[in-house]
Amino acid sequence: MAFARPGYAESAAARAAARSTSRSVAATPRIPLLDSLKGRSRKLRARFLSPTRAAGIPLLRELFGDSAVSRAGVYAANDTAGSFHFITMRPFTDKVQGRIGSYRIGFFPSEKRSIRSAAYSNPDGFLEVTARNQDTPISEHFRLRDFLTHDQATVWPKYLVLREPLVDKLELVLTELRSMGIPANRLRVMSGFRTPQYNEQGVGAGGRVQDSRHQYGDAADVYVVNGERDWMSDLNRDGRIDTRDAKILAQAAENVERDHPEFTGGVGIYKATSAHGPFVHIDVRGTRARWGAL
């Protein structure tokens, strides 16, 4: 994959994009993109960059200028295969009294008490998601909006914590399902990032856990959708939709961890309720965890 250097004629649309911190460069075969940017799945289409991490990537500054390192936004480099996005974050310190602007985030566990390990430290920053950029592809099958917290529907911009390894693992799970001979058009993210204030609303017996990995951008509750109905599909083709279908999805995640131990994490099976079908929790916490009817 190759990317362009700046220097193309700037249109009115391009100037408007610059003002909204959404920038792109046209395609030329002059700057090769390192294969590692596509992840193990080879399907990643974005990298999420904290200000510190962005400063260590000369390509970002070379393509988009110094402001791309310090200014949160979506920066797209285009080639014949499509776009690859560098998404720079708002720093964690931009959260003041539990908010960034009008968007409520709340307080992370480490802001309120001692944490069990470094894995529960505050995130580096937040991806700024606007009504305009929410459909930005971050991999072959996922977009930014897929992982947003399900609240504050009318508030923009929204803020998102998301880790690339989670997206990479989900793409691998989808590929693994297909290699197992299981029809799998897409994985639907039922719950991705949860702001701490949103997660706290469901904490309790039989509900969410206080230190949920969803708050750290490395967990997702997912199910396979093959038809028009937004519900788990009949993966084992027995004419029923139940936890036996979820077990197949969980097995695919298990296989991915076997082949890619760097994505070791949690896998949990959940039964259907009146509100949703069966689903599987998948995360990349770094240590193995299993629960549910595995």
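According to the working numbering, the stretch in the sequence shown is residues 61 to 354, in order.
C-beta: ideal position from N, C-alpha, C; glycine also.
- Contact check for VAL316 against VAL227 fails: the beta carbons are separated by 8 angstroms or more.
- The stretch 289 to 305 makes no contact with the stretch 183 to 196, as fewer than three CB pairs between them are under 8 angstroms.
- For GLU224, no beta strand (DSSP E) segment is defined; the enclosing uninterrupted segment is the alpha helix (DSSP H) at 224 to 239.
- Under the 8 angstroms Cβ criterion, the stretch 98 to 118 counts as touching the stretch 146 to 156, having at least three qualifying pairs.
- Short of 7 angstroms from the beta carbon of ILE308, and not among the five residues preceding or following it, lie these beta carbons of its own chain, in chain order: ILE242, LEU295 and ASN296.
- The criterion of a C-beta distance shorter than 8 angstroms is satisfied by VAL249 and VAL282.
- Looking at the DSSP output, TRP351 sits in a beta bridge with GLY328.
- Judged by their CB atoms, SER170 and SER177 are not nearer to each other than the 8 angstroms cut-off.
- Put simply, of TYR276, LEU187, SER101 and LEU120 the residue whose alpha carbon is nearest the alpha carbon of SER251 is TYR276.
- With a beta-carbon spacing of about 5 angstroms, ARG150 and PHE186 fall inside the 8 angstroms limit used to define contacts.
- Shown here, LEU119 sits in a helix according to DSSP, grouped into three states.
- DSSP lists TYR219 as the bridge partner or partners of GLU188.
- For a cut-off of 8 angstroms, the C-beta gap from ILE165 to GLN270 is around 16 angstroms, too long to register as a contact.
- Under the criterion of beta carbons closer than 8 angstroms, LEU247 and HIS210 do not qualify as touching, at roughly 17 angstroms.
- Boundaries of the alpha helix (DSSP H) around ARG304: 303 to 319.
- If you look at SER130, you'll find it in the alpha helix (DSSP H) that goes 127 to 130.
- Approximately 6 angstroms separates the beta-carbon atoms of ALA280 and LEU230; this is inside 8 angstroms, confirming the contact.
- The three-state reading of DSSP puts PRO183 in coil, since its state is none of H, G, I, E or B.
- DSSP, read as helix, strand or coil, puts SER293 in coil.
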